[in-house]
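Reviewing the structure listed below.
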Amino acid sequence: MLRLARTAPGWMRRGGLAVLGACDDRRMLDDAQTPHDAHAPAPGRPGAHAAAVRPPVHVSEPVPDVLGAGWTARTIHLRPDAQGEAVATLVHREVDPVGDGPEPTSRRAVLYVHGFVDYFFQAHVGDAFAAHGEDFYALDLRGYGRSLRPWQEPNYVTELATYAEELDAAVALLREDHDQVVVLGHSTGGLVASLWAHARRASRPVDALVLNSPYLDLRGTWFERTIFTRVIDVVGRPAPRLVVGKIAEHYGTALHSATGGEWEFDLTWKPHEGFPARAGWVRTVRRAHRRVARGLAVDCPVLVLSSDATGPKDRWHEQLLTTDSVLDVAHIAALASRLGPDVTYVPVPGGAHDLALSPEPARSRYLTEVLDFLDTRLGALRAP
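Numbering-wise (the UniProt record's numbering), the sequence shown opens with residue 1 and increments by one.
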């Protein structure tokens, strides 16, 4: 475990992220202003908390979730976006009771936010938090998993700031019944959660931020990280739906039970070959990377975890699930300190890209690190 001090970008000034200067996004969830928040009070002014974390307009009653017994789902009805009507889905697994004793006096909620070509299916993660005393929730963002509608392009937005609406809504709901709220973001969900926590810092809507292999920079060749990024910034605005890439199928194939892995998940929501990466989406992601490189000011304890090694991303290999074969862990380690003044970085030996889906013992090591961090920084919910 390594506590990180805020440092200058260092290597990022040369040949790394300096090339992203042309992709500076002045609207990327900055200072609690999003495309939907044009009339929101500035941070620190009266009414800022209400504007930053608003309750949703309409949320459905809980219904049984696809994960089965013990899980429910609620639909959060969002304002229409560029693709039409939109919803997000809040999945819930309640805290386990302790004998006949009272409920924990300090109720803590954990909100999980998935990555790209993903949705929440990791029931064992919810089980671990519930056994520890937390109320566990997961958010399927608009256009993902449970929230994907027939008229929507899967996993597609042209502004990551769009997701602020469902994050605001979900956290407002959790704040109604809990003393503490923790957001746990994986991969692109970690990037979105970091930008959102920075933008909402004046109201401090969350008590801690946990990031599982956050997508803080583009992994790729010099050409992809420089020329490709500049081209995407130019073409992404007039041709946002242009397909510019896709993910490799090897990682998903290694995970799924039908192809030798441990895990069951819906291949219509999480196909091995992914969904098309479109220019508008890549453009907003690269702008978000630039925002992280400039430095955020997330005003709560942050725990960043990743595998301890990077593996090849474009071919099958025996270490697909014991290395990060999607992102470069060196980028995660280098950029973690740019998230805020109180960041702890933990490499997990033998971890996969999604540390929760790693083989043992890395999987248990990851969950133990997260639970210990919350106990240390926010207080234990149950006596040992």
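Just so it is clear, CB atoms sit at the ideal spot from N, CA and C, and this is done for glycine as well.
Checklist entry - What residue range is occupied by the uninterrupted alpha helix (DSSP H) comprising Ile247? => result Careful: Ile247 lies outside any alpha helix (DSSP H) and carries neither H nor E.
Checklist entry - What is the DSSP secondary structure of Ala197, reduced to helix, strand or coil? => result helix
Next on the checklist: Which same chain residues end up closer than 6 Å to Gly145 when comparing Cβ atoms and leaving out the 5 residues on each side of it in sequence?
Outcome noted: Tyr119 and Trp269
Next on the checklist: Check this for me: beta carbons of Val183 and Ala197, under 8 Å apart or not?
Outcome noted: Taking 8 Å as the Cβ cut-off, Val183 and Ala197 qualify as a contacting pair.
Checklist entry - Just checking my contact of Ala88 with Leu141 at CB under 8 Å: how many whole Å lie between their CB atoms? => result 6 Å
Checklist entry - For the candidate residues Ala138, Pro154, Arg382 and Leu357, whose alpha-carbon lies nearest to that of Phe275? => result Ranking Ala138, Pro154, Arg382 and Leu357 by Cα distance to Phe275 puts Pro154 first.
Item to check | Outcome for Leu305 when other beta-carbon atoms lying within 10 angstroms are tallied against a minimum of 16 | outcome: With 16 or more other Cβ atoms within 10 Å, it is buried.
Checklist entry - By a C-beta neighbour count over all protein chains shown, 10 Å radius and 16 as the cutoff for buried, is Leu367 buried or exposed? => result buried
Checklist entry - Tell me the DSSP bridge mates of Pro64? => result Thr72
Item to check | Helix, strand or coil at Thr268 according to DSSP, with G and I counted as helix | outcome: coil
Checklist entry - Taking the C-alpha atoms as reference points, what is the distance between Pro341 and Pro80? => result 36 Å
Item to check | Thr105 (DSSP reduced to helix, strand or coil) | outcome: Residue placement at Thr105 is flagged as unreliable, the pLDDT there being 44, under the threshold of 50; a coordinate-derived value is accordingly withheld.
Item to check | Inter-stretch contact (C-beta, 8 Å, three-pair minimum) for the region 303-323 and the region 160-179 | outcome: no
Checklist entry - Considering only residues of the same chain and omitting the five flanking positions on each side of Leu78, which have a CB-CB separation below 7 Å? => result Ala86, Val87, Ala88, Arg142, Glu165 and Glu166
Next on the checklist: Suppose contacts are defined by Cβ-Cβ distances below 8 Å. Is Arg108 in contact with Gln152 by that definition?
Outcome noted: Cβ atoms of Arg108 and Gln152: not closer than 8 Å.
Next on the checklist: Please identify the residue among Asp372, Thr310, Ala208 and Arg149 whose C-alpha is closest to the C-alpha of Asp349.
Outcome noted: The sequence given here places Pro at residue 349; Asp does not occur at that position. The option with the nearest alpha carbon to Pro349 is Thr310.
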